[in-house]
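**Student:** Could you have a look at this structure, given as C-alpha cells, before my questions?
There are 2 protein chains.
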Amino acid sequence: MKKPIKLSSRDAVIEAAFQLLNRDPTASLADIAVAAGVGRATLHRHFDGRDDLLRVMAAQASGELERAADLAARGARSNIDALRKITEAIVQLGDRQWFLAQEQHTAADEVAAGSSTQNNAFHKLFKAAAKEGLFSGDCPVEWALVAYDHLVYSAWLMVRDEHATPQQAANLAWSTFTNGIGSAQS
Amino acid sequence: MKKPIKLSSRDAVIEAAFQLLNRDPTASLADIAVAAGVGRATLHRHFDGRDDLLRVMAAQASGELERAADLAARGARSNIDALRKITEAIVQLGDRQWFLAQEQHTAADEVAAGSSTQNNAFHKLFKAAAKEGLFSGDCPVEWALVAYDHLVYSAWLMVRDEHATPQQAANLAWSTFTNGIGSAQS
DNA sequence: TTTTCATGAGACATTAATGTCTCATTTGTT
DNA sequence: AACAAATGAGACATTAATGTCTCATGAAAA
Chain A
1 MKKPIKLSSR DAVIEAAFQL LNRDPTASLA DIAVAAGVGR ATLHRHFDGR
51 DDLLRVMAAQ ASGELERAAD LAARGARSNI DALRKITEAI VQLGDRQWFL
101 AQEQHTAADE VAAGSSTQNN AFHKLFKAAA KEGLFSGDCP VEWALVAYDH
151 LVYSAWLMVR DEHATPQQAA NLAWSTFTNG IGSAQS
Chain B
187 MKKPIKLSSR DAVIEAAFQL LNRDPTASLA DIAVAAGVGR ATLHRHFDGR
237 DDLLRVMAAQ ASGELERAAD LAARGARSNI DALRKITEAI VQLGDRQWFL
287 AQEQHTAADE VAAGSSTQNN AFHKLFKAAA KEGLFSGDCP VEWALVAYDH
337 LVYSAWLMVR DEHATPQQAA NLAWSTFTNG IGSAQS
C-alpha cells in the first residue's frame, strides 16, 4: 500500500501546516497541531520548533513540485507545450508553490539556495519558451515569470474555494496567460 | 502645507506596517516600530494593540483605494476604459490592496463588511465590462476578478523590486490581462 | 498475551511578544 | 525665553507562544 488511508502524525502536521499557514501565516504551532488532529507534544516530537517545520515543509514542497513538473513534462513536443502541461500539475500543488515563494523573502539562505535550482530551471524553461514565440523580447522575463506564478496561484484559489476543478482552473490560467481573459473559458 | 516632509509618528507606523507586513506577515510590533523609526511606546500610544493597528490600516487602505479608483475613472469612455485607467492607480497601491485581500480571510466581520462595498463595486464594474466584451460568459466572473487582482499585485511587485516603473508595470498587467503574455511589453 | 511504541493530555519552565508606566529630552508653540 | 505636547528609552508586568517532561492509554508487533 503506497497510500495509507490515515496519514502519519508527521505527515498530518505537514499537510495541516500547508493549509493553515496559507490562509493565516501567523498561525501558532498549537493551531497547526489542532488542525492536524494531533497533540501539541507530538508536533514537538517530530519537529525541532517552528523553523525546523518550515525547513522540512520547504524541502518537501520543493521535491513535490520538481517531481510533478518532471512527470508532467514527459513527452512534451516543445517548451511551450511542456509549460502548458506543467501548469495543470502545479495548480494542484498551489499551496506548496505559494509556501515556497513566501519563504524566499523571509527565510534563511539555505532555502533560497535549495529552491534556486528549481527556480533557475523554470527561468530557463521560460526563456526557451520565449524563443518559441510564447512572448516577445519586449516583455521582461521577470514579468512573464511573476505573472505566470500568480495566475497559477489564482487558479489554485479557484480550486480551493471549489469554484472550479483542477483541470478547469488550469485551463483558465493557461488561456488567460497566453491569450488574455477574453479567450478564457473553463 | 498639505504634504509635510516628515510623516507624523502615526502615519510613519502605518506606512512601515504596510511595507513590513507585506514582506513578512509575522513581523512583531517591535519590528514595525523600528521600521517606522519610532519608539515602541509611541506605537502603543497611537494604537490599541495589533488588532487596532490592522483595523486602522484596513480602513485607510480601503479609503485610499476607493479614492484612487474614483479619481482614475473620471472621464472614462466605457467600463473597460475605466478598468484600464484604474489599473495604473491601483498598481501604485499594491501593498494596500494586498493587505486588504489578506485581511478578508483572517479578520473579523467588520473589515469584511466594510470592504465588501468596495468589492461589490468592483464586481459590478467587471460584469459591466464583460457585457462590453472584455470577456465572454464562458469565463467565470470569479476567475476574471481573482486573475485581475493577482496580475495587478504582480505588477506592483515589479515596481517594488524596481524592475519597472508604475506605468510600465500597469501596461504589462493590462495587456497581459486583456491579450495574454504574447502582447505584453513595457 | 505480553511487549513495545507512539500518542494525548496535562503540568511546568522558558522565552518572545505585548502592554503600561516613568522620566528625561526634544520639538513646536506662544 | 517659557511653556506644552510628543517622543525615546528603559524598567516592569502581563500574556501568549513555545519547549520539555511525565504518565496513562491504546494500537501494533512480538
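Order-wise, the sequence lines are chains A and B.
Going by the numbering used here, the first sequence opens with residue 1, and the numbers climb by one from there.
Going by the numbering used here, the second sequence opens with residue 187, and the numbers climb by one from there.
All C-beta atoms in this analysis are idealised placements derived from N, C-alpha and C, irrespective of residue type, glycine included.
Predicted model, so just to flag it, every value in this text is computed and none were measured.
Should residue 281(B) go down as buried or exposed, given a rule of 16 or more other Cβ atoms within 10 Å for buried?
**Tutor:** Here residue 281(B) corresponds to residue number 95 of the second sequence, with the count starting at 1. The residue is buried, with at least 16 neighbouring Cβ atoms inside 10 Å.
**Student:** Return the Cβ separation of residue 132(A) and residue 62(A) in integer angstroms, given the expectation that the two are a contact with Cβ distance under 8 Å.
**Tutor:** For the purposes of this step, residue 132(A) is taken as residue 132 along the first sequence, with counting starting at 1. For the purposes of this step, residue 62(A) is taken as residue 62 along the first sequence, with counting starting at 1. Contact doesn't hold; Cβ gap of about 27 Å is too wide.
**Student:** If residue 173(A) and residue 155(A) are in contact, beta carbons under 8 Å, what's the gap, nearest whole angstrom?
**Tutor:** As a position in the first sequence, residue 173(A) is number 173, starting the count at 1. As a position in the first sequence, residue 155(A) is number 155, starting the count at 1. With a Cβ gap of about 4 Å, residue 173(A) and residue 155(A) count as contacting.
**Student:** If you draw a straight line from the alpha carbon of residue 40(A) to that of residue 53(A), how long is it in whole angstroms?
**Tutor:** Position 40 of the first sequence, counted from the start, is the residue given in the question as residue 40(A). Position 53 of the first sequence, counted from the start, is the residue given in the question as residue 53(A). Cα to Cα, residue 40(A) sits roughly 13 Å from residue 53(A).
**Student:** Evaluate residue 257(B) with the Cβ neighbour count: other Cβ atoms within 10 Å of its Cβ, from every protein chain shown; 16 or more gives buried, anything less gives exposed.
**Tutor:** Along the second sequence, read from residue 1 onward, the residue named residue 257(B) stands at position 71. By the 10 Å Cβ count, residue 257(B) comes out exposed.
**Student:** With 8 Å as the threshold, decide whether the Cβ of residue 190(B) is near any Cβ in chain A.
**Tutor:** The residue given as residue 190(B) occupies position 4 in the second sequence. Residue confidence is low: residue 190(B) scores 49 on pLDDT, short of 50, so the model does not pin down where it sits. No coordinate-derived value is stated.
**Student:** Okay, do the segment 134-146 of chain A and the segment 341-358 of chain B touch, 3+ Cβ pairs below 8 Å being the bar?
**Tutor:** Result yes; three or more Cβ-Cβ pairs closer than 8 Å.
**Student:** Under DSSP, the alpha helix (DSSP H) around residue 169(A) begins and ends at which residues?
**Tutor:** Position 169 of the first sequence, counting from 1, holds the residue named residue 169(A). Its alpha helix (DSSP H) spans residues 166-179.
**Student:** Can you list, in chain order, the residues of its chain whose CB lies under 6 Å from that of residue 370(B), leaving out five sequence neighbours each side?
**Tutor:** Residue 370(B) sits at position 184 when you count from the first residue of the second sequence. So the list reads 358, 361 and 362, once near-sequence residues are dropped.
**Student:** Leaving out the 5 sequence neighbours to the left and right, which residues in its chain are closer than 8 Å to residue 73(A) when beta-carbon positions are compared?
**Tutor:** Within the first sequence, the letter at position 73 stands for residue 73(A). Contacts found: 82, 85 and 86.
**Student:** Is the Cβ of residue 176(A) closer than 8 Å to any Cβ of chain B?
**Tutor:** Counting from one through the first sequence, the residue named residue 176(A) turns up at place 176. Output row for residue 176(A): interface = yes.
**Student:** At a CB distance below 7 Å, what residues from the segment 131-163 of chain A approach chain B? Give them in sequence order.
**Tutor:** Hits within the stretch, in order: 134, 135, 136, 138, 139, 140, 142, 143, 144, 146, 147, 150, 151, 153, 154, 157, 158 and 163.
**Student:** What is the DSSP secondary structure of residue 321(B), reduced to helix, strand or coil?
**Tutor:** Your numbering for residue 321(B) matches position 135 in the second sequence. The answer is coil: DSSP assigns residue 321(B) none of H, G, I, E or B.
**Student:** Does the beta carbon of residue 120(A) sit closer than 8 Å to a beta carbon anywhere in chain B?
**Tutor:** Working through the first sequence from its first residue, we reach residue 120(A) at position 120. So no, residue 120(A) is outside the interface.
**Student:** Cβ atoms of residue 68(A) and residue 89(A): under 8 Å apart, would you say?
**Tutor:** Numbered from 1 along the first sequence, position 89 holds the residue referred to as residue 89(A). Numbered from 1 along the first sequence, position 68 holds the residue referred to as residue 68(A). Contact flag set, yes.
**Student:** Take residue 64(A) and list the residues in its own chain whose beta-carbon comes closer than 7 Å to its own, dropping the five residues that flank it on each side.
**Tutor:** Against the first sequence, residue 64(A) aligns to sequence position 64. Answer for residue 64(A): 93 and 96, listed in chain order.
**Student:** Which residue comes first and which comes last in the alpha helix (DSSP H) that contains residue 94(A)?
**Tutor:** Position 94 of the first sequence, counted from the first residue, corresponds to residue 94(A). Here the alpha helix (DSSP H) through residue 94(A) covers 94-106.
**Student:** Suppose you measure from the CA of residue 2(A) to the CA of residue 27(A); what does that come to, to the nearest Å?
**Tutor:** Here residue 2(A) refers to the residue found at position 2 when the first sequence is read from its first residue. Here residue 27(A) refers to the residue found at position 27 when the first sequence is read from its first residue. For residue 2(A), the predicted model reports a pLDDT of 39, less than 50, meaning its position is unreliable and no value from the coordinates is stated.
**Student:** Would you check if the distance between the CB atom of residue 321(B) and the CB atom of residue 314(B) is smaller than 8 Å?
**Tutor:** Here residue 321(B) refers to the residue found at position 135 when the second sequence is read from its first residue. Here residue 314(B) refers to the residue found at position 128 when the second sequence is read from its first residue. Cβ distance not < 8 Å, so residue 321(B) and residue 314(B) don't count as in contact.
**Student:** Taking only beta-carbon atoms, is residue 269(B) less than 8 Å away from chain A?
**Tutor:** Taking the second sequence and counting its residues from 1, the one referred to as residue 269(B) is at position 83. So, not an interface residue.
**Student:** Hey, how far is the Cα of residue 350(B) from the Cα of residue 42(A)?
**Tutor:** Counting from one through the second sequence, the residue named residue 350(B) turns up at place 164. Counting from one through the first sequence, the residue named residue 42(A) turns up at place 42. Going by the C-alpha atoms only, they are around 47 Å apart.
**Student:** Could you compute how far the alpha carbon of residue 190(B) sits from the alpha carbon of residue 198(B)?
**Tutor:** On the second sequence, position 4 is the one that residue 190(B) refers to. On the second sequence, position 12 is the one that residue 198(B) refers to. At residue 190(B), the pLDDT of 49 sits below 50, so the modelled position is not reliable and the matter cannot be decided from this model.
**Student:** Using the three-state DSSP reduction, which class does residue 336(B) fall into: helix, strand or coil?
**Tutor:** Indexing the second sequence from 1 puts residue 336(B) at position 150. The answer is helix: DSSP assigns residue 336(B) an H, G or I state.
**Student:** Helix, strand or coil for residue 18(A) per DSSP?
**Tutor:** Here residue 18(A) corresponds to residue number 18 of the first sequence, with the count starting at 1. Note: residue 18(A) maps to helix in three-state DSSP.
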